[in-house]
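In this text, residue positions in the sequence shown follow the UniProt record's numbering: the first is 1, and each later residue adds one. Glycine is no exception: its CB is placed at the ideal position from the N, C-alpha and C atoms. Reading through the structure tokens given below for one structure.
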Amino acid sequence: MAVTKADLRHILGKDDADLVEQARHPGLAELTPDELRQLTSRLRERRNKASSAIAGHRRAIKGRGTGGTEKVEANQRRHYSIFGEALARTNKEHSRRQARRRREELIANSQRALSLKQAAGSPDRPATNPKASSGMKAKASAKTKKVGSVTQEGRVSQATKTAQAKRDNRGA
């Protein structure tokens with residue numbers, strides 16, 4: 001769920017609220033790549049800090065360490081979600097910029113290839129002769145020729161089957 005600016009100042013401190021505010025548009029689009037990288041790392045650092053505080057509280061509940069109260073854990077969970085959302089926005093902006101850079105690079109490469117192709121001109125073709133060549137030679141078929149007519153094809157095999165059946169019946 002989106003958090004309003006007033007809620008940000010209430011939940012987070014002034015420094016953290018300003019940090020999260022930088023991760024919102026339109027200011028996010030105006031950052032340089034280095035500033036965006038630094039903002040992402042600071043947000044990730046703060047999110048991980050909130051995550052470790054939540055884990056410390058869980059350990060305290062299980063009796064393995066000292067931790068804060070339920071209210072502190074709930075507050076850390078809100079910090080974690082706010083920093084997580086801001087981090088997601090910065091990552092998405094980074095991906096958007098990377099996709100734009102790749103698209104521009106692809107366009108530049110395509111234009112370069114087109115200009116190289118146009119500069120090369122059409123390839124030289126051999127001269128055409130006005131008369132036809134002798135063409136391809138027929139190759140002899142390796143298939144065996146069938147003997148007999150197509151209509152008589154199954155007659156021989158059927159006769160063999162019938163004769164075999166008669167022999168089988170005689171012996172039984």
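With contacts defined by Cβ atoms closer than 8 angstroms, residue 93 and residue 29 form a contacting pair. In the structure shown, the three-state DSSP call for residue 146 is coil. Between residue 74 and residue 43, the CB-CB gap reaches or exceeds 8 angstroms. In the structure shown, residue 23 adopts coil according to DSSP, grouped into three states. When the beta-carbon positions are compared, residue 91 and residue 40 come within less than 8 angstroms of each other. With a beta-carbon spacing of about 15 angstroms, residue 13 and residue 47 fall beyond the 8 angstroms limit used to define contacts. Counting the other CB atoms within 10 Å of its CB gives residue 106 a total below 16, which places it among the exposed residues. In this structure, residue 76 sits near residue 50, with a CB-CB distance shorter than 8 angstroms. Exclusion of the five residues before and after residue 89 leaves 23 as the residues of its chain whose Cβ lies within less than 6 angstroms of its Cβ.
Here residue 150 is exposed: its Cβ has fewer than 16 other Cβ atoms, across all protein chains shown, within 10 Å.
Leaving aside the five residues that flank residue 36 on each side, the residues in its chain whose CB is nearer than 7 angstroms to its CB run, in chain order, 90, 93, 94.
Under the DSSP assignment, residue 60 falls in the alpha helix (DSSP H) whose first and last residues are 33 to 61.
Around the C-beta of residue 16, 16 or more other C-beta atoms lie within 10 Å, and the residue is accordingly described as buried.
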